[in-house]
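Taking it in order: structure first as structure tokens, then the write-up.
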Amino acid sequence: MMFIDYVGIAALTFVGMEFVARLMHKYVMHGLLWFLHEDHHNEKQTEFEKNDLFGLIFAIIALYFFFLGIKGDYMALSMAFGMTGYGVAYFFIHDMIIHDRHLHLRSWGLKRRPFRDLILVHDIHHKEGEGNWGFLFIIKGLDKVPTMKDESG
Numbered sequence: 001m002m003f004i005d006y007v008g009i010a011a012l013t014f015v016g017m018e019f020v021a022r023l024m025h026k027y028v029m030h031g032l033l034w035f036l037h038e039d040h041h042n043e044k045q046t047e048f049e050k051n052d053l054f055g056l057i058f059a060i061i062a063l064y065f066f067f068l069g070i071k072g073d074y075m076a077l078s079m080a081f082g083m084t085g086y087g088v089a090y091f092f093i094h095d096m097i098i099h100d101r102h103l104h105l106r107s108w109g110l111k112r113r114p115f116r117d118l119i120l121v122h123d124i125h126h127k128e129g130e131g132n133w134g135f136l137f138i139i140k141g142l143d144k145v146p147t148m149k150d151e152s153g
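Just so you know, we're using full-length UniProt numbering here: the sequence shown kicks off at 1 and counts up by one.
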């Protein structure tokens with residue numbers, strides 16, 4: 001394989017993680033492991049939550065793929081980069097912008113349309129407790145999207 005192929009695998013893994021996360025969120029976090037996820041649905045978010053264990057689980061899987069990559073499995077290394085990229089994006093966008101944790105960037109995000117849209121869509125999930133299972137992408141037809149007015153123009 002060529003380098004560009006591995007970059008493509010990393011990019012596909014990044015995007016694919018959104019769908020893995022959506023399935024995990026709907027069927028595992030709101031199912032069997034609700035006791036770990038429920039603190040994430042509290043009115044006020046805290047700096048550390050039991051819910052953060054899900055990120056740790058995915059980080060351990062990515063570390064395993066990095067280990068395989070060091071041993072010469074470049075497919076696994078590409079997947080590790082994609083998973084890690086998704087995890088970093090999740091941390092900044094979902095935790096810091098949508099939920100106002102750590103650096104408290106929600107007010108900043110509300111002033112920027114792509115982030116504002118994600119915030120509003122995710123707020124529906126927290127208000128209704130179901131639907132809108134995604135974290136980083138809005139999928140029209142799958143996610144309930146509120147009517148939004150673009151106040152900037």
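Cβ coordinates follow ideal geometry from the N, Cα and C atoms, glycine included.
Local conformation of residue i per DSSP, three classes
i, result
"L26", "Here residue 26 is Lys; the residue named in the question, Leu, does not match the sequence. Residue state, collapsed to three classes: helix."
"D100", "coil"
"G16", "helix"
"K111", "coil"
"K127", "helix"
"T82", "Position check: residue 82 holds Gly in this sequence, whereas Thr was assumed. Correct three-state label for G82: helix."
"E47", "coil"
"F135", "coil"
"M1", "coil"
"G55", "helix"
Contacts around residue i, its chain only, beta-carbon distance under 7 Å, and the 5 residues preceding and following it disregarded
i, result
"F58", "M83, G87"
"D100", "Q45, R106"
Beta-bridge pairing of residue i - partner residues as DSSP gives them
i, result
"D143", "K140"
Contact under 9 Å by Cβ, residue i with residue j
i, j, result
"K50", "E38", "yes"
"L77", "L68", "yes"
"L118", "I139", "no"
"A10", "G72", "no"
"H102", "E47", "yes"
"L63", "A89", "no"
"D143", "G131", "yes"
"H104", "H41", "no"
"M75", "M2", "no"
Rounded distance between the beta-carbons of residue j and residue i, thought under 8 Å
i, j, result
"I93", "L136", "6 Å"
Neighbourhood of residue i by C-beta, 6 Å cutoff - its chain only, sequence neighbours within 5 removed
i, result
"W133", "R22, H25, K26"
"M29", "H37"
Close Cβ partners of residue i (< 8 Å) along its chain, the five nearest in sequence each way excluded
i, result
"L12", "G82"
"E151", "Because E151 sits at a pLDDT of 45, beneath the cut-off of 50, its placement in the model cannot be relied upon, and the following sentence gives the value as read from the coordinates. So no residue of the chain qualifies."
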